[in-house]
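Report on one structure; see the data block that follows.
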Amino acid sequence: MQIAHTIAELRQLLSRSERPAFVPTMGNLHAGHIALVRQAGTLGDATVASIFVNRLQFLPHEDFDTYPRTWDSDCAQLAEAGCDVLFAPDERELYPEPQSYKVHPPAELANILEGHFRPGFFVGVSTVVMKLLACVQPAVAVFGKKDYQQLMVIRGMVRQFALPTEIVAGETQRADDGLALSSRNGYLSEAERAEAVWLSRTLRQMATQVKAGQPFAEIEAEAMQTLARRGWQPDYLTVRRQADLQAPTPLDAPLVVLGAAKLGPTRLIDNLEL
Ligand code: PAF
Numbered sequence: 696m697q698i699a700h701t702i703a704e705l706r707q708l709l710s711r712s713e714r715p716a717f718v719p720t721m722g723n724l725h726a727g728h729i730a731l732v733r734q735a736g737t738l739g740d741a742t743v744a745s746i747f748v749n750r751l752q753f754l755p756h757e758d759f760d761t762y763p764r765t766w767d768s769d770c771a772q773l774a775e776a777g778c779d780v781l782f783a784p785d786e787r788e789l790y791p792e793p794q795s796y797k798v799h800p801p802a803e804l805a806n807i808l809e810g811h812f813r814p815g816f817f818v819g820v821s822t823v824v825m826k827l828l829a830c831v832q833p834a835v836a837v838f839g840k841k842d843y844q845q846l847m848v849i850r851g852m853v854r855q856f857a858l859p860t861e862i863v864a865g866e867t868q869r870a871d872d873g874l875a876l877s878s879r880n881g882y883l884s885e886a887e888r889a890e891a892v893w894l895s896r897t898l899r900q901m902a903t904q905v906k907a908g909q910p911f912a913e914i915e916a917e918a919m920q921t922l923a924r925r926g927w928q929p930d931y932l933t934v935r936r937q938a939d940l941q942a943p944t945p946l947d948a949p950l951v952v953l954g955a956a957k958l959g960p961t962r963l964i965d966n967l968e969l
């Protein structure tokens, strides 16, 4: 695996690739990221990953400073997964001047759910992804369904700006008990890790209730109560249309159930397509 710390080095390393396949990450890699890298390996002639902890997508009280930087382990996992080129710019390289040009995704998609609880999050994500796509110029980029709303925001951005990159979705990878793999799972204590399974369990229960025809509002209220009673602080547990993440009518399909909740200090998200 070759490593580029600058955009010039990256362009040099990719100069002979006709079809780079790209997986952007913030590092602290786990089997979920590695599955995306392996998927990218089947889609292009050079597999590229990036590691960049993007300050723009963190709120002031969030974990930007403490976000785990696990360089040696990340490099070893990427090399093992067949990554050809790792792009690892520092902030001076990616944001040499304050990033005043930003991508603002539409409010009806970006200000709901994650965007409601993390204002500005999708501006930060869209801006850095736009910039990373400009650096790598990939034919295809793989984003995990675990971050369902992020995948939709990026798809919309690429479509509306006619970027020459195909966006491919990667399935969520789960631990044996069903917990979606996430970098933030590393923050959980042993007891919290055992409890964490209740997020995916609750989403599965919601999916069953949707299929049984129970009213959405009732399903959502019950799910919020289930987690709250177990000591979580749920932000949302909701049934939405896959097409635009808006609240569905009983006739709208396909649907997705999405949830975000804090367990102790750790905020987890997950979703399940129906
Ligand atoms: O999903 C992530 O890890 C980040 O939001 C991304 C896409 C790498 C942008 O910083």
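Just so we're aligned: 749 in our numbering is position 54 of the sequence shown, and the numbers increase by one with no gaps anywhere.
We treat Cβ as the ideally placed atom computed from N, Cα and C, and that holds for glycine.
Residue i, buried or exposed, once every other Cβ within 10 Å from all chains shown has been counted against 16
i	result
Glu-809	buried
Glu-775	exposed
Ala-802	exposed
Leu-754	exposed
Gly-954	buried
Gln-935	In the sequence under discussion, the amino acid at residue 935 is Arg, which differs from the Gln named in the question. Classification for Arg-935: buried.
Thr-822	buried
Pro-929	buried
Ser-710	exposed
Gly-908	exposed
Ala-716	buried
Ser-895	buried
Ala-857	exposed
Pro-814	exposed
His-811	exposed
Close-in-space but distant-in-sequence residues of the same chain around residue i (CB under 8 Å, 5 per side omitted)
i	result
Ala-864	Val-837, Phe-838, Gly-839, Lys-840 and Leu-846
Gln-697	Leu-708, Asp-779, Val-780 and Leu-781
Val-905	Phe-911, Ile-914, Val-934, Leu-950, Val-952 and Leu-969
Ligand 2 heavy atom lying under 7 Å from the CB of residue i
i	result
Val-831	Of the ligands one can find in the structure shown, namely ligand 1, none is ligand 2.
Check: residue i C-beta below 7 Å from any heavy atom of ligand 1
i	result
Gln-734	no
Thr-720	yes
Asp-785	no
Gln-855	no
Asn-880	no
Asn-966	no
Val-934	no
Gln-794	no
Asp-760	no
Asp-872	no
Asp-842	yes
Asn-749	yes
Val-824	yes
Gln-752	yes
Gln-845	yes
Whole-angstrom C-beta distance between residue j and residue i, which should lie under 8 Å
i	j	result
Phe-816	Gln-752	5 Å
Asp-965	Leu-876	Contact doesn't hold; Cβ gap of about 10 Å is too wide.
Ala-741	Ser-712	4 Å
Ala-891	Asn-880	7 Å
Ser-745	Ala-783	7 Å
Trp-893	Arg-925	6 Å
Check whether residue i and residue j have beta carbons under 8 Å apart
i	j	result
Leu-827	Pro-719	yes
Leu-932	Leu-940	no
Arg-787	Gly-722	no
Val-951	Gln-937	yes
Thr-961	Tyr-882	yes
Asp-785	Leu-724	no
Val-848	Leu-804	yes
Arg-714	Gly-739	yes
Val-743	Leu-773	no
6 Å CB neighbourhood of residue i in its chain, flanking five on each side removed
i	result
Met-825	Val-798
Trp-927	Ala-956 and Leu-958
Ile-702	Cys-830
Gly-901	Per the sequence shown, the amino acid found at residue 901 is Met instead of Gly. Taken in chain order, the residues that qualify are Ile-914, Ala-918 and Val-952.
Phe-759	Arg-750 and Phe-753
Arg-850	Ile-862
Pro-800	Phe-817, Ser-821 and Val-848
Contacts around residue i, its chain only, beta-carbon distance under 7 Å, and the 5 residues preceding and following it disregarded
i	result
Thr-860	Leu-828, Pro-833, Ala-834, Val-835, Ala-836 and Val-853
Glu-915	Leu-932, Thr-933 and Val-934
Ala-942	Arg-935
Glu-866	Lys-840
Proximity test, Cβ basis, 8 Å: residue i and chain B
i	result
Ile-849	Protein chains in the displayed structure number just one, and chain B is not present.
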